[in-house]
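J.:
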Amino acid sequence: MAEEHIRQSEENLRAIFNHTVEGFVLVDTELEIVASNDKADELIFQHANGNKVKAGNSLLDYLPEDRRPVFKMAASRALAGEAIAYEKAYPAADGSLRWYCFGINPVQEQGKITGLCVSGRDITLQKHAEEKLINSEKRFRGLVENNSDAIAILSAEGKIGYISPAGEKITGYTEAEATQLDALIIVYHGDLPTVQQIMAAILAQPGIPVNTGAIRIVHKDGTLRWVEATLTNMLHDPVIDGIINNFRDVTARVESDLKLQAAQRHIELSEEKYRKIFNLSPLPKWIYDTETLCIIEVNEAAVKHYGYSREEFLSMTIMDIRPAEDSVALTDVLQTLTDKAYKPTNYWRHLKKDGSVILVEITGHPIDYVGRRARMVICRDITEQIKAETSIIQSNERFRLAAKAASDAIWDWDIVNKLVWIGEGFSSLFGYAEAGEMVAIDWILDRLHPDDQPEVLLRINAVLDGELTTRWQDEYRFEKADGTYAIISNNAMVIRGEQGQPLRMIGAMKDVTHQKAEEHHLRLPNQ
Numbered sequence: 043m044a045e046e047h048i049r050q051s052e053e054n055l056r057a058i059f060n061h062t063v064e065g066f067v068l069v070d071t072e073l074e075i076v077a078s079n080d081k082a083d084e085l086i087f088q089h090a091n092g093n094k095v096k097a098g099n100s101l102l103d104y105l106p107e108d109r110r111p112v113f114k115m116a117a118s119r120a121l122a123g124e125a126i127a128y129e130k131a132y133p134a135a136d137g138s139l140r141w142y143c144f145g146i147n148p149v150q151e152q153g154k155i156t157g158l159c160v161s162g163r164d165i166t167l168q169k170h171a172e173e174k175l176i177n178s179e180k181r182f183r184g185l186v187e188n189n190s191d192a193i194a195i196l197s198a199e200g201k202i203g204y205i206s207p208a209g210e211k212i213t214g215y216t217e218a219e220a221t222q223l224d225a226l227i228i229v230y231h232g233d234l235p236t237v238q239q240i241m242a243a244i245l246a247q248p249g250i251p252v253n254t255g256a257i258r259i260v261h262k263d264g265t266l267r268w269v270e271a272t273l274t275n276m277l278h279d280p281v282i283d284g285i286i287n288n289f290r291d292v293t294a295r296v297e298s299d300l301k302l303q304a305a306q307r308h309i310e311l312s313e314e315k316y317r318k319i320f321n322l323s324p325l326p327k328w329i330y331d332t333e334t335l336c337i338i339e340v341n342e343a344a345v346k347h348y349g350y351s352r353e354e355f356l357s358m359t360i361m362d363i364r365p366a367e368d369s370v371a372l373t374d375v376l377q378t379l380t381d382k383a384y385k386p387t388n389y390w391r392h393l394k395k396d397g398s399v400i401l402v403e404i405t406g407h408p409i410d411y412v413g414r415r416a417r418m419v420i421c422r423d424i425t426e427q428i429k430a431e432t433s434i435i436q437s438n439e440r441f442r443l444a445a446k447a448a449s450d451a452i453w454d455w456d457i458v459n460k461l462v463w464i465g466e467g468f469s470s471l472f473g474y475a476e477a478g479e480m481v482a483i484d485w486i487l488d489r490l491h492p493d494d495q496p497e498v499l500l501r502i503n504a505v506l507d508g509e510l511t512t513r514w515q516d517e518y519r520f521e522k523a524d525g526t527y528a529i530i531s532n533n534a535m536v537i538r539g540e541q542g543q544p545l546r547m548i549g550a551m552k553d554v555t556h557q558k559a560e561e562h563h564l565r566l567p568n569q
């Protein structure tokens, strides 16, 4: 079974590496190869003869002599912390020219650069598409300039005095109709401020052509058209006595650009999703199957921080790394998750292999992992931060407020996070080893006598729900570590927020078992 887990793990990782659109090589600071994927030979070194990259060899050994100086210079810059990216064309075996995009990025561990991640991607098709687009635009411009350019002559106020047949086709208005219009009437309202600024600039610069860039006009049929215009103020020329507007329909070009930008953005988002998976982060990360909750991938930072081996992680579910009493809360959260990212609103408790509990802040992202619906989880250990904050609060408030509530077995309940700090009295009075630590509120509630618990909870909730109530006192039976019950008197103070909401409850438990026994004994002779 263990071998099968290892094999499956390796297949999963290799599937990730080898199904990307890029070649990757990871090297140390001496440029010695640590790891690579199958596409590295083709996309980084342009080897088409099966000359496979091997770990332990120098990356420079796989580069032609004329490429080594440039790479060494770029690698030095990357080892100094700079991210390098550049494009280069190399001849293929069939004599054609292929374009590649290379990246050299520093790899950091605990703030120190420990190597480089070299990537390569074939962008030949992209370059060809760009070239085709450029050629298409050139042909389009040639046709427009020779056949389709529209010309209109405007007055200083923007009234149309003349429009050419091509202009009639672009706007939908005949010359007779157009000469009854103000040119600004057909400008789309979203572009009107820009056009008004351009008109003001044109009036101030006689004889100087001004290009509007792509703006939208409203066709006679109500549709929007993109046009590009060059306006020249010739009001000073008595023959023309107007502003010459040379404009052309560029709707096809603009829409093509917008589609190309959208397609490029889609590619970038897809690549970013996979980069997140392979990112060499110092933060613990893992991926789990959203249906089975099984952990199906984990990074080295998680292995080091939690103490479980990779194989142990991959045999666990996300329930296994949490205390049993937190399983209900986790289930509730999982039921509310959607396909959107999970942003932390609180912290969670996790179990390390040695049994210690750490407090973590979690961020989650939905992903498609080898055909399975999954989530990638990023953990940040905030145990020390919480301890520091708790220590400050405890030192400034706990003992001062607990003294007001009377002190025997002092306790401090963090109502928002459902955690309770229990004082040393829980050891001296009741025999519990957890004294002096934080425990879940259920740890306290589970030790109330079953016959007393419903009434006690009812009275506590009544106090918490009363915005003006700050004191609570009750007597009930509390289970000791040896399984016997003590009669205790519990006095507490409620700490509320600015809106009256209960935030904390601080109090002290007094063992009154013997006192109650004596009172009962004294009552017997009188009965």
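The sequence shown begins at 43 in this note's numbering and counts up one residue at a time.
In this text, a Cβ means the ideal position worked out from N, Cα and C, and glycines have one as well.
1) Just verifying my parser: in three-state terms, what is the DSSP assignment at Glu476?
2) Three or more C-beta pairs closer than 8 Å, one from the region 119 to 129 and one from the region 94 to 104: is that the case here?
3) Expressed to the nearest angstrom, what Euclidean distance is found between the alpha-carbon atoms of Asn287 and Val269?
4) What alpha helix (DSSP H) runs, 4 residues minimum, are completely inside the region 152 to 235?
5) Would you decide whether Ala571 is buried or exposed? Buried here means 16 or more other CB atoms lie within 10 Å of its CB.
6) Nearest by alpha-carbon distance to Gln515: which of Glu476, Val536, Glu521 is it?
7) Threshold first: 3 residues or longer. Then list the beta strand (DSSP E) segments lying entirely within the region 371 to 420, N to C.
8) Does the region 299 to 313 come close enough to the region 388 to 408 that 3 or more CB-CB pairs lie under 8 Å?
9) Give the straight-line distance between the Cα atoms of Asn99 and Leu461, rounded to the nearest whole angstrom.
10) From what residue to what residue does the alpha helix (DSSP H) around Ser118 run?
11) If you scan the region 479 to 546 from start to end, which runs of the alpha helix (DSSP H) of 4 or more residues do you find wholly inside it?
12) On the CB-based measure, 16 or more other CB atoms within 10 Å of its CB, does Ala225 come out buried or exposed?
13) Provide the residue(s) that pair with Phe66 in DSSP beta bridges, ordered along the chain.
14) Tell me, please, which residues DSSP counts as bridged to Ser78.
15) Determine the contact status of Thr236 and Thr156, defining contact as a CB-CB distance below 9 Å.
16) Since His392 and Arg364 are thought to touch, with beta carbons under 8 Å apart, how far apart are those beta carbons, to the nearest angstrom?
17) One question on the structure: do Leu322 and Ile420 come within less than 9 Å of each other, judged by their Cβ atoms?
18) Start and end of the alpha helix (DSSP H) containing Tyr348?
19) Counting Cβ pairs closer than 8 Å, one from the region 478 to 485 and one from the region 493 to 510, do we hit at least three?
20) Check Phe355 in the structure and name its three-state DSSP category.
21) Let me check one thing: in DSSP terms, what residues is Gln150 bridge-paired to?
22) Could you tell me the alpha carbon to alpha carbon distance between Glu124 and Ala97, rounded to whole angstroms?
23) Out of Ala343, Asp368, Ala366, Ile337, state which residue places its alpha-carbon closest to the alpha-carbon of Glu354.
24) Pick helix, strand or coil for Asp450, following the three-state DSSP scheme.
25) Could you tell me the alpha carbon to alpha carbon distance between Ile205 and Phe144, rounded to whole angstroms?
26) For the alpha helix (DSSP H) that Phe468 lies in, which residues bound it at each end?
27) Could you check the C-alpha separation between Val160 and Val149 for me, to the nearest Å?
28) Comparing alpha-carbon positions, which option in Asn253, Asn459, Thr166, Ile202 lies nearest Leu85?
29) Might you give, ordered along the chain, the residues of its own chain that have their beta carbon closer than 7 Å to the beta carbon of Gly284, omitting 5 neighbours on each side?
30) Taking only the alpha-carbon atoms, compute the straight-line gap between Ala477 and Arg417 and give it to the nearest angstrom.
31) In the DSSP assignment, find the unbroken beta strand (DSSP E) run with Val95 in it and report its ends.
32) Measuring only the C-alpha atoms, how far is Phe66 from Ile146?
33) When burial is assigned at 16 or more other CB atoms within 10 Å of the CB, is Leu39 buried or exposed?
34) With DSSP collapsed to three states, give me the class of Arg364.
35) Tell me whether Glu561 sits in a helix, a strand or coil according to DSSP, three-state version.
36) Within 10 angstroms of its Cβ, does Thr213 collect 16 or more other Cβ (buried), or is it exposed?
T.: Judging by the given coordinates:
1) coil
2) no
3) 11 Å
4) 166 to 185, 207 to 213, 217 to 220
5) Given a span of 43 to 569 for the chain in the structure shown, any question on residue 571 remains unanswerable.
6) Val536
7) 390 to 393, 399 to 411
8) no
9) 54 Å
10) 110 to 121
11) 483 to 487, 495 to 507
12) buried
13) Ser161
14) Val67
15) no
16) 6 Å
17) no
18) 342 to 348
19) no
20) helix
21) Ile155
22) 24 Å
23) Ile337
24) coil
25) 51 Å
26) 467 to 470
27) 10 Å
28) Thr166
29) Ile195, Leu196, Ser197, Gly203, Met276, Leu277
30) 38 Å
31) No beta strand (DSSP E) holds Val95; DSSP gives it neither H nor E.
32) 10 Å
33) As shown, the chain starts at 43 and ends at 569. That puts residue 39 outside it, with no answer to give.
34) coil
35) helix
36) buried
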